[in-house]
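Residue numbering for the sequence shown follows the numbering used here, beginning at 495 and increasing consecutively.
Report on the following structure.
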Amino acid sequence: VDAASRSEVVILAIGLDQTYEGESVDRVRLALDDDQLKLVDRVLAANHNIVVVLYNGTPITMDGWLEKTPAVIEAFYPGQEGGNALADILFGDVNPSGKLPITFPRNEKETPVANTYPGTKEVANYDEGIFVGYRWYDKENVEPLFPFGYGLSYTTFEFSDIKLSKASMTESDSIFVKVTVTNSGKVAGDEVVQMYISDKESSIKREVKSLKGFKRVSLEPGESKTVSMKIDKSALAFYDVDSGSWIVEPGEFDVLIGNSSRNILLKDSFTIE
């Protein structure tokens with residue numbers, strides 16, 4: 495803490511390890527342990543110019559310190575070269591472009607298992623069904639702390655000009671979606687274009703939307719590129735238990751393009767005949 499008070503910038507590495515998380519066990523809470531939370535508070539009191547680096551494999555709640563922290567880098571468990579990769583990002587040699595593969599909740603009550611954990615007799619029933627991860631947050635209209643697919647960059651990007659190759663298709667057919675991505679910032683960077691599909695007329699209860707494609711695109715400042723993604727039967731079908739087969743129903747589908755599951759920037763639709 496004394497060193498933090500004398501520094502221009504503080505890089506604070508905190509998180510979890512095998513004593514807190516792993517296979518075949520559940521964490522008892524989503525917050526960091528009390529000692530680490532106290533450390534964060536003390537360092538913030540000494541120096542507000544701080545970058546928090548998180549090492550963890552599962553979501554962490556950040557009540558009480560995120561709003562005071564200028565920057566957070568989610569490193570997960572990056573392996574033996576993780577330090578070099580982190581240094582490249584911190585010193586600006588590499589522009590970060592990662593996206594979250596999980597959802598970070600605001601608090602423990604806003605999770606799918608809030609009402610079932612820890613269960614009885616060491617058995618917890620996970621009854622979300624198909625509504626796991628971001629699908630549950632969409633279904634319950636709960637705003638997470640950081641949504642699935644979220645991730646910032648040292649530059650900014652704009653999405654425009656969504657175009658479908660046709661307005662309708664059959665079960666054996668396919669449609670191509672094209673989107674223009676522009677680097678509107680001042681440094682080169684990568685963006686991950688995410689394509690979600692929403693079934694508007696399903697006969698069964700389905701997810702609000704589901705990720706069905708993504709493309710990474712590298713852009714210089716001011717540069718634009720067109721990204722193309724394919725939609726076919728595999729992106730539209732659901733498994734029918736009664737018939738034991740995958741089914742594509744006729745009807746209307748929305749194509750949703752964004753840079754996270756909660757930041758949808760473009761939309762179009764097509765029909766299945």
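Backbone N, C-alpha and C define an ideal beta-carbon position, used for all residues, glycine too.
Computed from a predicted model, the values in this text were never measured in an experiment.
Just list the beta strand (DSSP E) runs in the stretch 660 to 729, keeping only unbroken ones of 3 residues or longer that don't cross its boundaries, in chain order. List check, beta strand (DSSP E) in window: 669 to 677, 683 to 693, 704 to 713 and 718 to 725.
Could you pull the start and end residues of the alpha helix (DSSP H) that Trp559 belongs to? Stepping through the sequence shown from its first residue, residue 559 is reached at position 65. First-last for Trp559: undefined, no H or E at that position.
Give the straight-line distance between the Cα atoms of Gln512 and Ile554, rounded to the nearest whole angstrom. In the sequence shown, the residue the question calls residue 512 occupies position 18. In the sequence shown, the residue the question calls residue 554 occupies position 60. Distance between the alpha carbons of Gln512 and Ile554 is about 15 angstroms.
Counting beta carbon pairs with one atom in the stretch 640 to 656 and one in the stretch 671 to 691, are three or more of them shorter than 8 angstroms? Segments in contact, yes.
Asp587 to Glu714, Cα distance in whole Å? Position 93 of the sequence shown holds residue 587. Position 220 of the sequence shown holds residue 714. About 15 angstroms.
Integer Cβ distance of Asn541 from Ser501, believed to fall under 8 angstroms: Looking up residue 541 in the sequence shown gives position 47. Looking up residue 501 in the sequence shown gives position 7. The beta-carbon separation of Asn541 and Ser501, rounded to 6 angstroms, stays under the 8 angstroms limit for a contact.
According to the neighbour-count rule (16 or more other Cβ atoms, all chains shown, within 10 Å of its Cβ), is Pro701 buried or exposed? In the sequence shown, counting from the first residue as 1, residue 701 sits at position 207. Note that residue 701 is Glu in the sequence shown, not Pro. Label assigned to Glu701: buried.
Where Arg710 falls, given that 16 or more other Cβ within 10 Å makes a residue buried: In the sequence shown, the residue the question calls residue 710 occupies position 216. So Arg710 ends up on the exposed side.
Beta-carbon separation of Thr605 and Pro612 under 7 angstroms? For the purposes of this step, residue 605 is taken as the residue at position 111 of the sequence shown. For the purposes of this step, residue 612 is taken as the residue at position 118 of the sequence shown. Judged by their CB atoms, Thr605 and Pro612 are not nearer to each other than the 7 angstroms cut-off.
Pick helix, strand or coil for Lys761, following the three-state DSSP scheme. Start at 1 with the first residue of the sequence shown, and residue 761 comes out as number 267. Taken through DSSP and simplified to helix, strand or coil, Lys761 comes out as strand.
Specify whether the stretch 661 to 669 and the stretch 719 to 731 touch according to this definition: at least 3 beta carbon pairs, one from each stretch, less than 8 angstroms apart. Result yes; three or more Cβ-Cβ pairs closer than 8 angstroms.
For the stretch 686 to 702 against the stretch 749 to 761, do three or more pairs of beta-carbon atoms, one drawn from each stretch, fall closer than 8 angstroms, so that the two count as touching? Under the 8 angstroms Cβ criterion, the stretch 686 to 702 counts as touching the stretch 749 to 761, having at least three qualifying pairs.
Measure the alpha-carbon distance for Leu705 versus Ala608 and round it to whole angstroms. Position 211 of the sequence shown, counted from the first residue, corresponds to residue 705. Position 114 of the sequence shown, counted from the first residue, corresponds to residue 608. So the alpha carbons of these two residues sit roughly 25 angstroms apart.
Is it the case that the Cβ atoms of Leu658 and Phe764 are separated by a distance below 7 angstroms? Reading the sequence shown from its first residue, position 164 is the one you call residue 658. Reading the sequence shown from its first residue, position 270 is the one you call residue 764. A contact, by the Cβ cut-off of 7 angstroms.
Would the stretch 530 to 545 and the stretch 554 to 573 be scored as touching if the rule is three or more Cβ pairs under 8 angstroms? These segments touch.
Limits of the unbroken alpha helix (DSSP H) element including Gly576: Translated into the one-based positions of the sequence shown, residue 576 becomes position 82. Start and end: Gly576 to Leu584.
Determine the closest residue to Glu452 out of Thr614, Gly592 and Asp632, with distance taken between C-alpha atoms. Lying outside 495 to 767, the shown extent of the chain, residue 452 is not represented and no answer is given.
Host beta strand (DSSP E) of Tyr733 (start-end): Taking the first residue of the sequence shown as 1, we reach residue 733 at position 239. Looking at the DSSP string, the run of the beta strand (DSSP E) that includes Tyr733 is Phe732 to Asp734.
Would you report the Cα separation of Val537 and Met556, rounded to the nearest angstrom? In the sequence shown, counting from the first residue as 1, residue 537 sits at position 43. In the sequence shown, counting from the first residue as 1, residue 556 sits at position 62. Cα-Cα distance, rounded: 15 angstroms.
Can you check which of these residues, Lys694, Ser712 and Ile766, is closest to Ser591 by C-alpha distance? The count along the sequence shown starts at 1 and reaches residue 591 at position 97. For the residues Lys694, Ser712 and Ile766, the minimum Cα distance to Ser591 belongs to Ser712.
Identify the continuous alpha helix (DSSP H) that holds Tyr631 and give its terminal residues. Within the sequence shown, numbered from 1, the residue matching residue 631 stands at position 137. Per DSSP, Tyr631 belongs to the alpha helix (DSSP H) from Tyr628 to Glu634.
Any idea what DSSP makes of Asp621, helix, strand or coil? Locating residue 621 in the sequence shown gives position 127, where the first residue counts as 1. For Asp621, the three-state secondary structure derived from DSSP is coil.
In chain order, what residues of the same chain lie with their CB nearer than 6 angstroms to the CB of Ser722, ignoring the 5 residues before and after it? Taking the first residue of the sequence shown as 1, we reach residue 722 at position 228. By the criterion of a C-beta distance shorter than 6 angstroms, Ser722 is surrounded in its chain by Phe670 and Lys672, once the five residues flanking it on both sides are discounted.
Would you decide whether Thr720 is buried or exposed? Buried here means 16 or more other CB atoms lie within 10 Å of its CB. The residue labelled residue 720 in the question sits at position 226 within the sequence shown. Around the beta carbon of Thr720, fewer than 16 other beta carbons sit within 10 angstroms, so the residue counts as exposed.
Using a threshold of 7 angstroms, state whether the C-beta atoms of Leu760 and Ile766 are closer than that. In the sequence shown, the residue the question calls residue 760 occupies position 266. In the sequence shown, the residue the question calls residue 766 occupies position 272. In this structure, Leu760 lies away from Ile766, with their beta-carbon atoms at least 7 angstroms apart.
Less than 8 angstroms between the CB atoms is what I'm expecting for Pro572 and Ala581, so what's the real figure, rounded? Stepping through the sequence shown from its first residue, residue 572 is reached at position 78. Stepping through the sequence shown from its first residue, residue 581 is reached at position 87. That pair is no contact at about 11 angstroms.
From Gly683 to Val675, what distance separates their C-alpha atoms? The sequence position of residue 683 within the sequence shown is 189, counting from 1. The sequence position of residue 675 within the sequence shown is 181, counting from 1. Computed Cα separation, rounded: 12 angstroms.
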